[in-house]
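Visitor: Mind having a look at this structure? Questions to follow.
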Amino acid sequence: MPLLINYYFVNLLINLGHTVTDSKSIPFPVSVAVPIIFFLAF
(Lines of atoms letter the chains of each structure in order from A and count residues from 1; the text may use other names and numbers.)
(Lines give C-alpha, C1' and ligand atoms only; values in the text may rest on other atoms or scores of the structure.)
Protein backbone atom coordinates (compact mmCIF):
# COMPACT_ATOMS: atom_id res chain seq x y z
CA MET A 1 0.00 0.00 0.00
CA PRO A 2 2.75 2.54 0.82
CA LEU A 3 4.28 1.81 -2.57
CA LEU A 4 0.96 2.59 -4.23
CA ILE A 5 0.78 5.87 -2.33
CA ASN A 6 4.34 6.74 -3.39
CA TYR A 7 3.43 5.93 -7.00
CA TYR A 8 0.45 8.29 -6.77
CA PHE A 9 2.54 11.15 -5.38
CA VAL A 10 5.28 10.58 -7.97
CA ASN A 11 2.72 10.82 -10.76
CA LEU A 12 1.30 13.93 -9.12
CA LEU A 13 4.74 15.55 -8.98
CA ILE A 14 5.51 14.51 -12.56
CA ASN A 15 2.26 16.13 -13.72
CA LEU A 16 3.11 19.22 -11.69
CA GLY A 17 6.59 19.22 -13.22
CA HIS A 18 5.17 19.04 -16.73
CA THR A 19 2.79 21.91 -15.94
CA VAL A 20 5.68 24.05 -14.72
CA THR A 21 7.77 23.04 -17.72
CA ASP A 22 4.97 24.11 -20.06
CA SER A 23 5.10 27.56 -18.46
CA LYS A 24 8.88 27.59 -19.10
CA SER A 25 9.58 28.64 -15.50
CA ILE A 26 11.78 25.67 -14.57
CA PRO A 27 14.11 23.66 -16.84
CA PHE A 28 12.84 20.23 -17.87
CA PRO A 29 15.57 18.25 -16.01
CA VAL A 30 14.49 19.85 -12.74
CA SER A 31 10.88 18.74 -13.28
CA VAL A 32 12.17 15.22 -13.87
CA ALA A 33 14.66 15.16 -10.98
CA VAL A 34 12.20 16.35 -8.32
CA PRO A 35 9.84 13.32 -8.55
CA ILE A 36 12.84 10.96 -8.61
CA ILE A 37 14.34 12.57 -5.50
CA PHE A 38 10.93 12.48 -3.81
CA PHE A 39 10.57 8.80 -4.66
CA LEU A 40 14.04 7.96 -3.32
CA ALA A 41 13.32 9.91 -0.14
CA PHE A 42 10.67 7.35 0.80
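Position 3 (the sequence shown) corresponds to 72 in the working numbering; numbering is contiguous. Note that CB positions come from ideal geometry on N, CA and C, so glycine has one too. Being a predicted model, the structure only gives us computed values, none of them experimental.
Can you give me the C-alpha to C-alpha distance between L85 and I74, rounded to a whole angstrom?
Guide: Cα to Cα, L85 sits roughly 16 Å from I74.
Visitor: Can you tell me the Cβ-Cβ gap for V103 and L82, rounded? I've got them flagged as a contact below 8 Å.
Guide: Between L82 and V103 the Cβ distance is about 6 Å, and since that is below 8 Å, they are a contact.
Visitor: Given this structure, state the Cα-to-Cα distance separating I106 from Y77, to the nearest angstrom.
Guide: I106 and Y77: Cα-Cα distance of roughly 15 Å.
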